[in-house]
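Asker: A single structure is presented below for examination.
Numbering (full-length UniProt numbering), first residue to last: 1 to 324.
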């Protein structure tokens, strides 16, 4: 059996969604008209994507962010680029601000923050995380104890603690991505049928934040390298050095590549660009197949193309003496 029950929006007790003015990301799709002023509570991936989408639709947007920048769990340089893009498009950002409550007013909503600040708008969108849909399934009757946050604990081939029961998707608490859920499901079914499978490796999974510009990443993040947990060489190449980007007047974006100090094997990367979701693939292939920056740099990229920044970044990493 495969459990794939997904997850639901997390609800703040003092900000109960009503489907009219105070909304979850599911309810937002049911609006008959665009908001006059949308307040987005939360600045993670979901929040950032809705901020971007509604800004593109011409809606004034205010963001209530609990930390000192948007996308607190993504690459810090990428988050800064997105903040600059938001600011240029008129997005108002409250930093280090936690919502204490969201209430209806006569004409809209009032968001009150824990430090006393307030902001009014026509609608409020709550994007403060998700909770797994694991309650009421009778899992305990078959010997499955829920893990932290009530997620289903699975191993790298999607097995739960109960024999013959697998789980996939957001209910497992792994990366909340459709690609990961699909791979978990495929691995589970092949394993259940007795076929040979390759356990899932989360470090090889590419993920994208669909904003303008897009933010895509794969492998070991910069924060882990900066903390000293992984010895690596890093490079960040701004897109403004790329001929194709200049032709298209792209002002925001960069390519990052990370490689091991001793071998030059690519272990991660970040792309911030209009089509970062497409450009991340060669870096993901390099991570999956343990390709070195030397090998990546010797791949001929089309000129002019944005992908040329990937091979150029690899070429510059080759210049370090410890990779000789």
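Ideal placement from N, C-alpha and C gives every residue a C-beta, glycine not left out.
Using only the alpha-carbon positions, how far apart do residue 97 and residue 187 sit?
Answerer: Going by the C-alpha atoms only, they are around 41 angstroms apart.
Asker: Per DSSP, what kind of secondary structure is residue 151 in: helix, strand or coil?
Answerer: Residue state, collapsed to three classes: coil.
Asker: Sorted by chain position, which residues of the same chain lie with C-beta nearer than 8 angstroms to residue 204's C-beta, five sequence neighbours on each side aside?
Answerer: Hits under 8 angstroms: 218, 219, 284, 287, 288.
Asker: Suppose you measure from the CA of residue 6 to the CA of residue 132; what does that come to, to the nearest Å?
Answerer: Near 6 angstroms, if we compare the C-alpha coordinates of residue 132 and residue 6.
Asker: From the DSSP output, in three-state form, read off residue 101 for me.
Answerer: Residue 101: strand per DSSP, three-state reduction.
Asker: Identify the residues that DSSP records as bridge partners of residue 273: which are they?
Answerer: The partner list for residue 273 (beta bridge, DSSP) reads 214.
Asker: With distances taken Cα to Cα, identify the nearest neighbour of residue 150 among 158, 140, 157.
Answerer: It is 140.
Asker: Between 184, 4, 236, which lies nearest to residue 135 when the distance is taken from Cα to Cα?
Answerer: Looking at the Cα atoms, 4 is the closest of the given residues.
Asker: Suppose you measure from the CA of residue 64 to the CA of residue 158; what does that come to, to the nearest Å?
Answerer: Looking at the two C-alpha atoms, the distance is approximately 36 angstroms.
Asker: Does DSSP put residue 73 in a helix, a strand or coil?
Answerer: Residue 73: coil per DSSP, three-state reduction.
Asker: Counting only runs of 4+ residues fully inside the stretch 169 to 234, write out the alpha helix (DSSP H) ranges in chain order.
Answerer: Those alpha helix (DSSP H) runs which fall completely within the stretch 169 to 234 and span 4+ residues are 178 to 192, 222 to 226.
Asker: Would you call residue 306 buried or exposed, if buried means 16 or more other Cβ atoms sit within 10 Å of its Cβ?
Answerer: Classification for residue 306: buried.
Asker: Look at residue 144 and residue 128 and say whether their C-beta atoms are less than 9 angstroms apart.
Answerer: Against a cut-off of 9 angstroms, the Cβ pair of residue 128 and residue 144 comes out as no contact.
Asker: In this structure, does DSSP put residue 283 in helix, strand or coil?
Answerer: Three-state DSSP puts residue 283 in a helix.
Asker: Note down, in chain order, each residue of its chain lying with its Cβ closer than 7 angstroms to the Cβ of residue 101, except the 5 sequence neighbours on either side.
Answerer: Result list for residue 101: 14, 15, 112, in chain order.
Asker: Specify, as a first and last residue, the run of the alpha helix (DSSP H) that residue 256 falls within.
Answerer: Careful: residue 256 lies outside any alpha helix (DSSP H), inside the beta strand (DSSP E) at 254 to 260.
Asker: Is residue 257 closer than 9 angstroms to residue 296 when the C-beta atoms are compared?
Answerer: Closer than 9 angstroms, so yes.
Asker: Is residue 324 helix, strand or coil by DSSP?
Answerer: Caution applies to residue 324, whose pLDDT of 49 falls short of 50 and renders its modelled position unreliable; the value that the coordinates give is listed next. DSSP places residue 324 in coil when its eight states are reduced to three.
Asker: Name the residue from 174, 120, 254, 245 whose alpha carbon lies nearest to the alpha carbon of residue 78.
Answerer: Cα-wise, what sits closest to residue 78 is 254.
Asker: Along the chain, where does the alpha helix (DSSP H) that runs through residue 317 open and close?
Answerer: It spans 308 to 318 - the alpha helix (DSSP H) in which residue 317 sits, taken as one unbroken run.
Asker: Check whether the Cβ atoms of residue 259 and residue 299 lie closer than 9 angstroms to each other.
Answerer: For residue 259 and residue 299, no; Cβs fall outside 9 angstroms.
Asker: With respect to the beta strand (DSSP E) encompassing residue 24, which residues constitute its N-terminal and C-terminal limits?
Answerer: Looking at the DSSP string, the run of the beta strand (DSSP E) that includes residue 24 is 22 to 24.
Asker: Near residue 312, which residues of its chain fall below 7 angstroms by C-beta distance, leaving aside the five closest residues on each side in sequence?
Answerer: Contacts found: 237.
Asker: Answer with buried or exposed for residue 17, where buried requires no fewer than 16 other C-beta atoms within 10 angstroms of its C-beta.
Answerer: Classification for residue 17: buried.
Asker: Is the separation between the beta-carbon of residue 126 and that of residue 23 shorter than 9 angstroms?
Answerer: Yes, the Cβ-Cβ distance between residue 126 and residue 23 is below 9 angstroms.
Asker: What did DSSP end up calling residue 1 once you bin it into helix, strand or coil?
Answerer: Here residue 1 sits in coil by DSSP.
Asker: At the level of alpha carbons, what is the spacing between residue 324 and residue 221?
Answerer: In this predicted model, residue 324 has a pLDDT of only 49, less than 50, meaning its place in the structure is not dependable enough to derive any value.
Asker: Count the other C-beta atoms from every protein chain shown that fall within 10 angstroms of the C-beta of residue 21, then say buried if there are 16 or more, exposed otherwise.
Answerer: Buried, because 16 or more other Cβ atoms sit within 10 Å of the Cβ of residue 21.
Asker: Just confirm the distance between the C-beta atoms of residue 209 and residue 45, as a whole number of angstroms; I'd bet it's less than 8 angstroms.
Answerer: Confirmed, about 5 angstroms.
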